[in-house]
């Protein structure tokens, strides 16, 4: 519960800082994106670039985490198989020599 509250407070704080940053950086400049040209404030442009980088990093990291979870599943299955082979047919562990 405390983690959720801390996460919520951190997100609210980041949003407030982003709004203040955008409000304080009102210089405007033209951006050419593919075939479209538009004007944007420097604060907003930086926030968009930061957000795009953050989302790209999160997507890359989620792919990495998915591979780790799949590997963990394979390792668990291999462990179950090894334990089942180790047990004797009557359910008793084999005697050591």
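In this note's numbering, the protein residues as written are 314 to 410.
Glycine residues also receive a C-beta, built at the ideal position from the N, C-alpha and C atoms.
All of these numbers come straight from a predicted model, not from anything done at the bench.
The stretch 340-348 contacting the stretch 315-331, beta-carbon criterion three pairs below 8 Å: A contact is defined here as three or more CB-CB pairs under 8 Å, and the stretch 340-348 fails this definition with respect to the stretch 315-331.
Whole-Å CB distance - residue 414 paired with residue 335, under 8 Å assumed: Only positions 314 to 410 of the chain appear in the structure, and residue 414 is not among them; the question remains open.
Assigned secondary structure, residue 319 (DSSP; H/G/I helix, E/B strand, else coil): Locating residue 319 in the chain shown gives position 6, where the first residue counts as 1. Here residue 319 sits in helix by DSSP.
Between the CA atoms of residue 391 and residue 417 - distance to the nearest angstrom: The structure shown does not extend to residue 417, since the chain is modelled only from 314 through 410, so no value can be given for it.
Beta-carbon gap between residue 331 and residue 360 smaller than 9 Å: Here residue 331 refers to the residue found at position 18 of the chain shown. Here residue 360 refers to the residue found at position 47 of the chain shown. Yes. Within cutoff.
Under the three-state DSSP convention, the category residue 350 falls into: As a working mapping, residue 350 is identified with position 37 in the chain shown. Residue 350 carries a strand assignment under DSSP once its states are collapsed to helix, strand and coil.
Residue 376 - containing alpha helix (DSSP H), residue span: Counting from 1 along the chain shown, the entry for residue 376 is found at position 63. First-last of the alpha helix (DSSP H) with residue 376: 355-399.
Separation of residue 356 from residue 346, as counted between CA atoms: Along the chain shown, one-based indexing puts residue 346 at 33. Along the chain shown, one-based indexing puts residue 356 at 43. Their Cα atoms are separated by approximately 17 Å.
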